[in-house]
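Data first, discussion second: the structure below is written as structure tokens.
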Amino acid sequence: MFTLETERLLLRGFTLEDWEAINAIVSDPEVTRYMHFSNWDETRRHKWFDWMLEHALKPQRDAYNWALRSNTTRC
Numbered sequence: 001m002f003t004l005e006t007e008r009l010l011l012r013g014f015t016l017e018d019w020e021a022i023n024a025i026v027s028d029p030e031v032t033r034y035m036h037f038s039n040w041d042e043t044r045r046h047k048w049f050d051w052m053l054e055h056a057l058k059p060q061r062d063a064y065n066w067a068l069r070s071n072t073t074r075c
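Per full-length UniProt numbering, the very first residue in the sequence shown carries number 1; after that it's consecutive.
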């Protein structure tokens, strides 16, 4: 998995372990208020997440989805 890291930030691809966190974020109406997926149910969100995981395995791709983590707080 390709990663990009600075002193304060880590960018990496999503993993299965990220599901709970990403689901909490994209199911929050305040977070997704102006986003196209604001009305997705959990099944649709999970399908999208599975697609992101599959897409990350492709050797040649034209887009990346990054999980971000603070190196100072480890969150």
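Note that CB positions come from ideal geometry on N, CA and C, so glycine has one too.
Notebook entry, point to check: Excluding five sequence neighbours on each side, which residues of the same chain lie with their C-beta closer than 8 angstroms to the C-beta of residue 104?
Noted result: Summary: the structure shown does not reach residue 104, with the chain confined to residues 1 through 75, and so no result is reported for it.
Margin query: Run through the DSSP bridge pairs and tell me what residue 3 is partnered with.
Written below: Paired residue(s): 12.
Margin query: What residue range does the beta strand (DSSP E) around residue 57 cover?
Written below: It is not in any beta strand (DSSP E) - residue 57 carries neither H nor E in the DSSP assignment.
Next item on the list: Please check the pair residue 3 and residue 10, which I expect to be a contact at CB under 8 angstroms, by giving their CB distance rounded to whole angstroms.
Entry: At roughly 6 angstroms, the Cβ-Cβ gap stays under 8 angstroms, so residue 3 and residue 10 are in contact.
Item checked: 8 angstroms CB neighbourhood of residue 16 in its chain, flanking five on each side removed -> The residues are 53.
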